[in-house]
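Numbering (the working numbering), first residue to last: 108 to 935.
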């Protein structure tokens, strides 16, 4: 172009057309795709080509040439790319050691430890993917230069899952052999498309959904076209989703594969592979040290998992063989925590008994004879045990209160945790139910001959399940007593992989002898309850499974009414608090759940030294549930997510004008993640979960004030839409859901991807209401928040508006930040 005559209109137009064709064509795309987006090399390619275009565009104007076709489209492409750059240019908060892909971790480690990264050819990405996978395994196995040290739980769990898949430890060998045989062909493919896209020039072959999802996860973890280190959020959402789907699938395959085998053979190591574990996003656990990963230069992860330097060891442990409570002085031995419930079943009038070896008396209960416990604990084959009756002073002394506040440390340092279900006698029904689910899983998600469930095996599974009662559910369709306790909910949240045992200390095991944890059990239920139909469409349906045995349906009911399916998959603070509404507690509810939430300041700073202990008489509770100090601390620590729970008691109160004048006197608590009523069918449903990469609270939320009646005073809010003044505003693509009518648990959703938020609010408001969309959080320009509803009239007094939370929304496209607006609201 240096020899071009920029005063010659014909020459300028011809060169401009040539340049436009290049910028629109595969040549420019190929040159950019060969580099990481927004990297220095990428910028050099980008800037040099656009500099040519700008120089020609100036010459076009100077020569008086009309704008050419495609220029508008090309300018829009350029502007959108620049917008994306601006949105990510200031982002330095995403830690590659916590969320990013395994190849990202490998390359960051190599740069820091060796000063250089392995060679990358993005256009022939499968060579990089396979070589990076092999190098990652080599580094992990040798722990070269502390390679394992800073892997996050999510990265570690994903690696273990892929390692099992790569070695076909609990699946057929056919799919993996086919994949490995295809590598030579894959190595020769040059493509600018990520391998998970439909435009990738290769058709994947698989005979099981497990292999399909693990292969997708492998692509997202190791293929360089699935990784953008200078623009990580563009692929992180897909990676996080793929990790969760593959984990859930792997848990079911791990169980079903060995349930199908007539002859069990352990691996070369002499043991069977463990169950995969969920890698839960701990982003929301702001101030609970156990749920925050250490900084790069902080303590080692292995130490972090076991030690909190700010918390003491358990003061007491039960020496199983010596049958006595021992004082722990400095370094505690390995121990196991026992989770159980008994407080609501103490004998009346209260009666205390002395247990040899225990330094305090223990209350008797009607569930079991406490004097039998020392001999019963021998059956667990562990030397040291932490059990509250034997290791927690049974009074409200300062020592007791200190141990209550130290439950997080006690349970996290345990070698493992066991739930003792003292009203369950056997596992016959539970084993029959999950065996049925395993066979159903294989029949509907795999076509590989090695995974074929014979008709004989199928009929046996159905017949056995049809003849069994589920021990985890009572005849009244109420779960076992362990599931009803608020204290055991806390313990399940602290140790989601706790094992289950019967009254006689018999563990729930699969047929390899591997314990089936509570989290594993709920994962199997979750997948079989709501499979991904679009992914399973290619696999056969199975009419014999259309009739579900009662023990299986009862197991589904257990997961649903306890909310444990959802809780143990996500395990966010708000999920725990919402689930707490289903549980019962004899004394203080806040004390029973505070360790799982990391909300302890209110308890530790009690001016009278924590006088409540495990729960004395409490007064002035918000919605008769939690002390106001506890509620405000939770809201302060969790920020905007505190207000994301959905209740089924909202809109109709405003629509029928019930209590419009009496809102100040009616404790509705529509903004609270808890309610006045507690039980299996609580009005509080799950908190709204929106996948986030870089969550940021709207600045106004921190100024909101929670009143003692459960209402929230708002003087500043980020109003992204209002039904009364949005008629001429540009549309905002969004998803909207509202709670409507008197029928409980009814959600009215608009699932149209292109629905306009403004239009939705106007439709909801009608002629008598006003709806506001209030931003709680932003994630790379996408907003999520709540819908507030009010009557058009300003009642009960001028200048102050009473509203109620009526739903939630999230926008589907990025937009500029929402400013704060001064308001004078109180949300009942």
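We treat Cβ as the ideally placed atom computed from N, Cα and C, and that holds for glycine.
Query, Result
"In three-state terms, what does DSSP make of residue 519?", "helix"
"List the endpoints of the continuous beta strand (DSSP E) containing residue 884.", "876 to 886"
"In the DSSP assignment, find the beta strand (DSSP E) that holds residue 145 and state where it starts and stops.", "Residue 145 -> no beta strand (DSSP E), and no H or E assigned at all."
"Ends of the beta strand (DSSP E) at residue 278?", "Here residue 278 belongs to no beta strand (DSSP E), and DSSP marks it neither H nor E."
"Is it the case that the Cβ atoms of residue 745 and residue 778 are separated by a distance below 8 Å?", "no"
"Quick one: which unbroken alpha helix (DSSP H) runs of 4-plus residues sit fully inside the stretch 302 to 367? Chain order, please.", "316 to 329, 340 to 367"
"Under the three-state reduction of DSSP, which class applies to residue 72: helix, strand or coil?", "Residue numbering for the chain in the displayed model covers 108 to 935; residue 72 lies beyond these limits and cannot be assessed."
"Does the beta-carbon distance from residue 336 to residue 238 come in below 8 Å?", "no"
"Closest to residue 367 by C-alpha separation, out of 559, 743, 137, 928, would be which residue?", "559"
"Check each candidate in 599, 726, 607, 704 and name the one with the smallest Cα separation from residue 676.", "599"
"Taking Cβ to Cβ, would you say residue 496 is nearer than 8 Å to residue 469?", "yes"
"By the 10 Å Cβ neighbour count, where 16 or more other Cβ atoms means buried, how is residue 251 classified, buried or exposed?", "exposed"
"Under a Cβ-count criterion, where at least 16 other Cβ atoms within 10 Å of its own Cβ denotes burial, should residue 654 be classed as buried or exposed?", "exposed"
"When DSSP labels each residue in this structure, what does residue 206 get in the three-state scheme?", "coil"
"Roughly how many angstroms separate the alpha carbons of residue 453 and residue 484, rounded to a whole number?", "21 Å"
"Hey, how far is the Cα of residue 824 from the Cα of residue 671?", "34 Å"
"Identify whether residue 808 lies in helix, strand or coil by the three-state DSSP scheme.", "helix"
"How many angstroms separate the CA atom of residue 223 from the CA atom of residue 320?", "32 Å"
"Start and end of the beta strand (DSSP E) containing residue 928?", "928 to 934"
"Alpha carbon to alpha carbon, how far is residue 593 from residue 702? Give it in angstroms, no decimals.", "12 Å"
"Once you ignore the five residues that flank residue 833 on each side, which residues in its own chain have a CB closer than 6 Å to its CB?", "865"
"What span of residues does the alpha helix (DSSP H) with residue 483 cover, start to end?", "480 to 484"
"Going along the chain, which residues of its own chain have a beta-carbon closer than 8 Å to the beta-carbon of residue 127, five neighbours each way excluded?", "160, 175, 177, 178, 181"
"Per the contact definition of three or more C-beta pairs closer than 8 Å, is the stretch 525 to 541 in contact with the stretch 601 to 615?", "yes"
"Given a cut-off of 8 Å on the beta-carbon distance, is the pair residue 813 and residue 879 in contact?", "no"
"Between which residues of its own chain and residue 932 is the CB-CB distance below 6 Å, once the five residues before and five after are set aside?", "821, 908, 910"
"Excluding the 5 residues flanking residue 716 on each side, which residues of the same chain have their C-beta closer than 6 Å to its C-beta?", "Confidence is the limiting factor: at residue 716 the pLDDT is only 48, short of 50, which leaves the residue's position unreliable, though a coordinate-based value still follows. Cβ within range, chain order: n/a, list empty."
"If we call anything under 8 Å between Cβ atoms a contact, is residue 282 one with residue 313?", "yes"
"Can you name the start and end residues of the beta strand (DSSP E) that residue 898 belongs to?", "889 to 898"
"Report buried or exposed for residue 164, applying the criterion of at least 16 other Cβ atoms within 10 angstroms of its Cβ.", "buried"
"Out of 578, 135, 190, point me to the one whose CA is closest to residue 157's CA.", "135"
"Considering only DSSP beta bridges, list what residue 914 is partnered with.", "845, 894"
"How about residue 232 and residue 137: are their beta carbons less than 8 Å apart?", "no"
"Taking the CB atoms as reference points, tell me whether residue 846 and residue 753 lie closer together than 8 Å.", "yes"
"Got a sec, what are the start and stop residues for the alpha helix (DSSP H) residue 508 sits in?", "505 to 511"
"Go ahead and pull the three-state DSSP assignment for residue 840.", "strand"
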